[in-house]
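Everything on this sheet refers to the single structure shown next.
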Amino acid sequence: MTSSLNSCPTELWEQILSTLWHSPLSFAERKQFILASTLVCKRWSAVYDLVAARDVYIVSPTPCDEFRQRVRAEATASTRAAIARIGAAPTHQGQSFVQRLLQRIWPHRSAAESTQAPTNNFRCRSITISLTNCPSTGRLSLGSCLDELLETLDVFSETLPNLRRLNIEYTDASPDDLFTRRTFAGLPPQLTHLHIRFTETASSAPAAENTEHPARDPPRPKWYSETPVIVSIFGVNENVVKRMSEAVPCGSVIAAKD
0 MTSSLNSCPT ELWEQILSTL WHSPLSFAER KQFILASTLV CKRWSAVYDL
50 VAARDVYIVS PTPCDEFRQR VRAEATASTR AAIARIGAAP THQGQSFVQR
100 LLQRIWPHRS AAESTQAPTN NFRCRSITIS LTNCPSTGRL SLGSCLDELL
150 ETLDVFSETL PNLRRLNIEY TDASPDDLFT RRTFAGLPPQ LTHLHIRFTE
200 TASSAPAAEN TEHPARDPPR PKWYSETPVI VSIFGVNENV VKRMSEAVPC
250 GSVIAAKD
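Mapping the sequence shown onto numbering that gives the first Met the number 0, position 16 (from 1) lands on 15, and the numbers just tick up by one.
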């Protein structure tokens with residue numbers, strides 16, 4: 000089977016992996032996909048690394064921490080004018096979960112992996128983070144991760160020169176979070192698209208204030224950004240769009256539909 004895979008063009012592998020990677024996978028499904036990608040062959044895992052670094056998905060605290068460590072690792076190295084040395088002792092700082100797994104399977108890759116953080120940061124063009132409201136606590140599942148991510152993008156924006164899109168997916172959540180989360184003020188200047196989606200599960204009560212009764216005004220923004228970003232918001236009423244326009248006066252806010 001491995002020989003058959005190796006005969007396929009790399010472009011085909013990349014297309015297959017990209018399609019799977021952008022599929023609406025659950026946390027368990029995405030975790031299984033990541034683990035399985037380390038067991039096919041070296042070439043498959045290399046293409047996977049390319050796809051995963053280009054479009055980052057954050058569905059739990061672990062990938063968020065790994066991404067932030069990778070970004071900070073390059074920034075720290077640049078500040079200290081450090082030069083990456085081929086054959087240097089490998090370090091876990093800045094390495095992804097998949098890369099550490101691969102070291103156990105193919106130890107000879109370890110030296111090369113130590114130089115991958117800058118390359119992966121350069122490849123990164125989009126980040127997607129998913130947040131779900133927890134009824135028992137009234138808090139968003141990855142609310143603190145979103146704050147940490149936005150702070151990292153603000154402080155280390157130069158480390159991600161090709162980042163153009165930030166996708167935020169809210170489930171069973173109020174759009175008020177958009178206006179009370181002050182870390183949105185640090186949107187990086189290279190960002191061109193902010194894609195925000197609000198969805199509800201069948202078990203949740205309809206959020207009437209979101210879509211069906213536009214009379215309710217969301218709170219005034221506690222932040223504003225001068226980044227000229229295009230904001231597309233799904234699943235909200237016109238008052239939310241107007242409020243968002245106040246928060247990003249230099250950008251363009253669109254009430255998007257599927």
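From the three backbone atoms N, C-alpha and C, an ideal C-beta is built for every residue, glycine too. Every value quoted in this text rests on a predicted model; they were computed, and no experiment measured them.
Alpha-carbon to alpha-carbon, residue j and residue i
i, j, result
"ARG40", "ASP48", "For the record, residue 40 in the displayed sequence is Cys; it is not Arg. Distance between the alpha carbons of CYS40 and ASP48: 12 Å."
"ARG267", "ARG122", "With the chain running from 0 to 257 in the structure shown, residue 267 is simply not present."
"VAL55", "ASN166", "10 Å"
"SER17", "ARG53", "10 Å"
"THR37", "THR61", "18 Å"
"SER129", "ALA184", "19 Å"
"GLY250", "ALA172", "24 Å"
"ARG180", "ASP146", "8 Å"
"ASN120", "THR158", "6 Å"
"ALA27", "SER59", "11 Å"
"LYS221", "SER244", "13 Å"
"ALA246", "THR200", "28 Å"
"PRO248", "ARG71", "30 Å"
"LEU19", "PRO134", "31 Å"
Per-residue DSSP class, three states only, for residue i
i, result
"LEU165", "strand"
"ALA45", "helix"
"ALA133", "Before going on, a small fix: residue 133 reads as Cys here, not Ala. Looking at CYS133 - three-state DSSP - the assignment turns out to be strand."
"LEU34", "helix"
"VAL235", "coil"
"PHE155", "coil"
"SER17", "helix"
"SER224", "coil"
"ALA172", "coil"
"SER6", "coil"
"THR198", "strand"
"LEU186", "coil"
"ALA111", "With a pLDDT of only 46 at ALA111, under the threshold of 50, the placement of this residue in the model should not be trusted; the figure read from the coordinates follows. ALA111 falls in the helix class under three-state DSSP."
Candidates the options, of which the one nearest residue i by Cα
i, options, result
"ASN238", "ARG42, ARG124, PRO174, VAL247", "PRO174"
"GLU150", "PRO227, ASP171, THR182, ASN119", "THR182"
"GLU10", "ALA27, TRP43, THR191", "TRP43"
"ASP216", "VAL235, PHE155, PRO188, SER231", "VAL235"
"PRO188", "ARG29, GLU199, ARG219, VAL154", "VAL154"
"PRO218", "LYS241, ASP257, THR226, PRO227", "LYS241"
"ILE229", "THR200, ASN161, LEU186, ALA45", "LEU186"
"GLU168", "ILE57, ALA246, PRO160", "ILE57"
"PHE233", "TRP20, CYS144, PHE197, ASN161", "PHE197"
Contact belief for residue i with residue j at Cβ below 8 Å, rounded distance in angstroms
i, j, result
"GLU65", "ALA116", "In fact, because the Cβ distance is near 11 Å, the residues do not count as touching under 8 Å."
"LEU190", "ARG163", "6 Å"
Buried or exposed by the 16-neighbour rule on C-beta atoms within 10 Å, applied to residue i
i, result
"PHE178", "buried"
"ALA51", "buried"
"CYS7", "exposed"
"ARG69", "buried"
"ALA35", "exposed"
"LEU253", "Per the sequence presented here, residue 253 reads as Ile, with Leu not at that position. Result: exposed."
"ASN132", "buried"
"THR226", "buried"
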